[in-house]
Amino acid sequence: MEKESYVLNGNLKDTGFGYTLSLIGGKYKMTILYALYLNNKPIHYNQLKRMLGNISFKTLTNTLKELKGDKLINRKEYPQVPPKVEYSLSEKGLSLIPVLDAICYWGEGQLDKRKEVTLKVDNN
Numbered sequence: 001m002e003k004e005s006y007v008l009n010g011n012l013k014d015t016g017f018g019y020t021l022s023l024i025g026g027k028y029k030m031t032i033l034y035a036l037y038l039n040n041k042p043i044h045y046n047q048l049k050r051m052l053g054n055i056s057f058k059t060l061t062n063t064l065k066e067l068k069g070d071k072l073i074n075r076k077e078y079p080q081v082p083p084k085v086e087y088s089l090s091e092k093g094l095s096l097i098p099v100l101d102a103i104c105y106w107g108e109g110q111l112d113k114r115k116e117v118t119l120k121v122d123n124n
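FYI, in full-length UniProt numbering the residues of the sequence shown are 1 to 124.
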């Protein structure tokens, strides 16, 4: 079935695009994946929370569970008191980084264009 047919029939979820969106869609998923990538080493829950700022503990916990369930991140728990948990990108998560990079590069280009348009409007 061709891509256009999926879209017209409302079966976007049955495409690679739809599958990818199901993995990285949501308010914080891409940000968490990119934060783990940029940190370049396992990161503790509270450290990740500080990096993300306004995210609630509940939202962070639920998003991390989803990412782990989708096998995009690894969760390592240490048997100690107080509990220590570290998160890192899995191989599958690492394979998404070029996609996230492409999104970032595209966005940077659009920001530059938006600035150019704003400058032209302001100068007229």
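Don't be surprised by glycine CBs; every beta carbon is placed ideally from N, CA and C.
> In the DSSP assignment, what residue or residues form a beta bridge with Arg75?
Replying inline: Translated into positions along the sequence shown, residue 75 becomes position 75. Arg75 pairs with Tyr87.
>> I need the DSSP call for Ile43, collapsed to helix, strand or coil.
In response: If you number the sequence shown from 1, residue 43 lands on position 43. Here Ile43 sits in strand by DSSP.
> Which of helix, strand or coil does DSSP assign to Pro98?
Replying inline: The count along the sequence shown starts at 1 and reaches residue 98 at position 98. If DSSP states are grouped into helix, strand and coil, Pro98 belongs with the helices.
>> Quick check: the Cα distance between Tyr34 and Leu100, rounded to an integer number of angstroms?
In response: By one-based count along the sequence shown, residue 34 stands at place 34. By one-based count along the sequence shown, residue 100 stands at place 100. Whole-angstrom Cα-Cα distance: 7 Å.
>> Just to check my reading of the structure: Leu96 and Ile24 have Cβ atoms closer than 8 Å, yes? What is that Cβ distance to the nearest angstrom?
In response: The sequence position of residue 96 within the sequence shown is 96, counting from 1. The sequence position of residue 24 within the sequence shown is 24, counting from 1. About 7 Å; that satisfies the 8 Å criterion.
> With respect to the alpha helix (DSSP H) encompassing Lys58, which residues constitute its N-terminal and C-terminal limits?
Replying inline: By one-based count along the sequence shown, residue 58 stands at place 58. Phe57 to Gly69 is the extent of the alpha helix (DSSP H) around Lys58.
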